[in-house]
Amino acid sequence: MFKGKWLVMAIFIMFAFLVSACSGKEAALTSGILGHWVQESDDPKYPDIHYYISQDKIIVLQEGEATEHKYKVQEKDLDFNRIKILLDDKSTREITIDDPNQKKTLQVVKEFEDIILINVRVDQIWTYVDEVQTIGDPKATAISLVDDMYNKKDALNVPRDEFKNKMTSEIFAFTWKAEKITARTEIFKGKEKDNLLTFEAVIHDEKVKMASLHLKETNDVESHMKNSIALLGFLKMTMPDVEIEEATKWSSDALKKLREEEDQALHLSHKGKHYDYYYDKNNKEIVLKVVDDKTKTAKDEPKDSTQKIYAIPPYEGVGMSLSDFKFYFVDEEPININGKEVKIALDFTEERDQSGKAINVGRNKRNDIVLTLVGRSENVKIAELKIHANVPYEERVEYMLQFASISTEHGLNKTMKAAMTDKEVIDWLNKAIPLLFEKGEVSHIVVGEDVLATELRDSYYVISLRKNLPMK
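In the working numbering, the protein residues as written are 407 to 878.
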């Protein structure tokens, strides 16, 4: 009898211990969601969403607005550290806590009915910020969070007026307006008259922190042309250090991919700038968005499997450097042609083209022979020699022969995959130069990975070397 009494007491103590342990774990689970949490925004145009959770309510701060929701605990799953709560708007949150005793992140499933009464589940990750469970002035706090987010981002180094001026041309007719989010932050919008193109930028303290271009998709040839021109202008402003050929190829190939498969999202990180190219199903438009945010290095490589890293094509030049051209066009020894002395001598300077990009230009003293070199000094992208029609015949021939000889020199031109014989070069020149001088006719020859061409343009005889870009 005595022994049985102890057995009953042992069972009672064990049961009490289990109840205590369960209640302790249950309390830890309930208190584990309390505090200040943030759901980071994937779109830099929109601020992060902040949640302040107390025992019976959640304050949500989103896009400068604060809303307060009462909630009740519906279910608890102690085995999986999961709690389900019902909000006063009839939506639920199924919250899984990694470790109730060490707050880091919450895995949140939001459940609600959409406008056609279909249940929708949205998965979210909330990251712990601090222990604050409520806020004094919701509106002031929301404004502070918006300003703080954009204040931390780097400026795009493209002024608002530059976007406005360059997006407005004879082709486009934009109307512009600004909408204040806070006293320091505004959304700057431009809309093209036919509603095919729209532009948006987030301006904080008068600096552009994010810009996006939206292109309506139609089968109209004119709209496709507008899209291409607008994209090119946008990229030239936001990607100024990338040669326009590479930027154009990146954009046109991406545009083709998005049209073929609308679910694709393409991402590019370039020197702190993050470019996202995607199809917006709701508005049926293609969007190219750029933000300069060097703090988000972890997002350089998106984890979302639907978002593909789409790198800029590698730089392509003609395989010859600025030094190579200077060597052959600076103070050459005079040559006697048909009893006339011809001397090749160009003076090289760095100049700017119409878009402000640096180019190298060699000119003779009369300024009627001009050699223009576009691209990087170590590997020129385009070389073009212009000779005015008034230049003496012998001088014209000698300059053109010099340009052709270095362009087809196998040991010099690094992009030549197969050497051309002197006979092949001379045979082409013997046909091309008379056709050019006498009839103004165009000629060209493929030189390895490059193309050498002649043409008559605005009273100038032109011979050029550029990448061989076959038409697709």
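Each residue gets a CB set at the ideal place from its N, CA and C atoms; glycine is no exception. Note that this is a predicted model, so its numbers are computed, not measured.
Item to check | Residues bridged to serine 849 (per DSSP) | outcome: Thr860
Checklist entry - What is the DSSP secondary structure of asparagine 571, counted as helix, strand or coil? => result helix
Next on the checklist: Tell me the DSSP secondary structure of asparagine 836 in three-state form.
Outcome noted: helix
Next on the checklist: Mapping the DSSP letters down to three states, classify isoleucine 743 as helix, strand or coil.
Outcome noted: strand
Item to check | Cβ-based neighbour list, alanine 607, same chain, cut-off 6 Å, excluding 5 preceding and 5 following | outcome: Phe594, Val614, Ala617
Checklist entry - Going straight from the alpha carbon of proline 708 to that of valine 848, what length do you get? => result Model confidence at proline 708 stands at a pLDDT of 49, short of 50, so the residue's coordinates are unreliable and nothing is read from them.
Item to check | Beta-carbon proximity list for leucine 523, same chain, < 6 Å, skipping 5 on both sides | outcome: With a pLDDT of only 45 at leucine 523, under the threshold of 50, the placement of this residue in the model should not be trusted; the figure read from the coordinates follows. So the list is empty, once near-sequence residues are dropped.
Checklist entry - For tyrosine 721, which three-state DSSP category applies? => result coil
Next on the checklist: Just verifying my parser: in three-state terms, what is the DSSP assignment at tyrosine 477?
Outcome noted: strand
Item to check | serine 783: first and last residue of the uninterrupted beta strand (DSSP E) it sits in | outcome: No beta strand (DSSP E) contains serine 783, which DSSP labels as neither H nor E.
Next on the checklist: Quick test of your reading: glutamine 513 and isoleucine 531, contact by CB under 8 Å. State the CB separation rounded to the nearest angstrom.
Outcome noted: 6 Å
Checklist entry - Quick one: Cα of lysine 763 to Cα of glutamate 757, how far? => result 8 Å
Checklist entry - Are the region 481-490 and the region 457-472 touching by the rule of at least three beta carbon pairs closer than 8 Å? => result no
Checklist entry - Can you tell me whether DSSP reads lysine 771 as helix, strand or coil? => result coil
Item to check | Distance between leucine 674 and aspartate 600 (C-alpha atoms, nearest Å) | outcome: 30 Å
Checklist entry - When the Cα atoms are used, what is the spatial distance from asparagine 911 to glutamate 800? => result Missing from the structure shown is residue 911; the chain here goes from 407 to 878 and no further.
Next on the checklist: Tell me which residues share the same chain as glutamate 738 and place their Cβ nearer than 8 Å to its Cβ, disregarding the 5 neighbours each side in the sequence.
Outcome noted: Lys749, Ile750, Ala751, Gln808
Checklist entry - Do lysine 559 and valine 879 come within 8 Å of each other at the CB atom, strictly closer than that value? => result No answer is possible for residue 879: it lies beyond the span of the chain, which begins at 407 and ends at 878.
Item to check | C-alpha distance - tyrosine 716 paired with leucine 672, whole-angstrom precision | outcome: 6 Å
Next on the checklist: Among the candidates Lys570, Glu585, Lys586, Ile587, whose CA atom is the shortest distance from the CA of alanine 579?
Outcome noted: Lys570
Checklist entry - Going by other Cβ atoms of all chains shown within 10 Å of its Cβ, with 16 needed for buried, is valine 852 buried or exposed? => result exposed
Item to check | Proximity of glutamate 790 and valine 868 at Cβ, strictly below 8 Å | outcome: yes
Next on the checklist: In whole angstroms, give me the CA-to-CA distance for aspartate 682 and proline 840.
Outcome noted: 51 Å
Checklist entry - How far does the beta strand (DSSP E) with glutamine 808 in it reach, from first residue to last? => result Taken as a continuous stretch (DSSP letters only), glutamine 808 belongs to no beta strand (DSSP E), being part of the alpha helix (DSSP H) at 799-813.
Next on the checklist: Helix, strand or coil, according to DSSP, for methionine 645 in the structure here?
Outcome noted: coil
Checklist entry - Ordered along the chain, which non-local residues of its own chain (more than five positions away) have a Cβ less than 6 Å from that of glutamate 747? => result Pro740
Checklist entry - Can you tell which of Asp659, Gly678, Lys677, Asn874 has the C-alpha that lies nearest to the C-alpha of tyrosine 684? => result Asp659
Checklist entry - By the 10 Å Cβ neighbour count, where 16 or more other Cβ atoms means buried, how is aspartate 828 classified, buried or exposed? => result exposed
Checklist entry - So, helix, strand or coil for isoleucine 521, using DSSP? => result Only weak support exists for where isoleucine 521 lies, its pLDDT of 44 falling under 50; the coordinates are left without a value.
Checklist entry - By how many angstroms is the C-alpha of serine 870 removed from the C-alpha of valine 776? => result 12 Å
Checklist entry - Under the rule that 16 or more other beta-carbon atoms within 10 Å means buried, what is alanine 704, buried or exposed? => result Reliability of the predicted coordinates at alanine 704 is poor, the pLDDT of 44 falling under 50, and no value is obtained from them.
Checklist entry - Using the rule of at least 16 other Cβ atoms within 10 Å of the residue's Cβ for burial, across every protein chain shown, is glycine 596 buried or exposed? => result buried
Checklist entry - Taking the runs of the alpha helix (DSSP H) that are 4 residues or longer, which of them lie wholly in the region 544-619? => result 544-558, 566-573
Checklist entry - Do you know whose CA, among Leu603, Ile765, Asp774, lies nearest glutamate 784's CA? => result Ile765
Checklist entry - First and last residue of the alpha helix (DSSP H) that includes tyrosine 716? => result It is not in any alpha helix (DSSP H) - tyrosine 716 carries neither H nor E in the DSSP assignment.
Checklist entry - Among the residues of its own chain, which have a CB less than 6 Å from the CB of glycine 768, if the five just before and after it don't count? => result Phe735, Leu752, Phe754, Leu777
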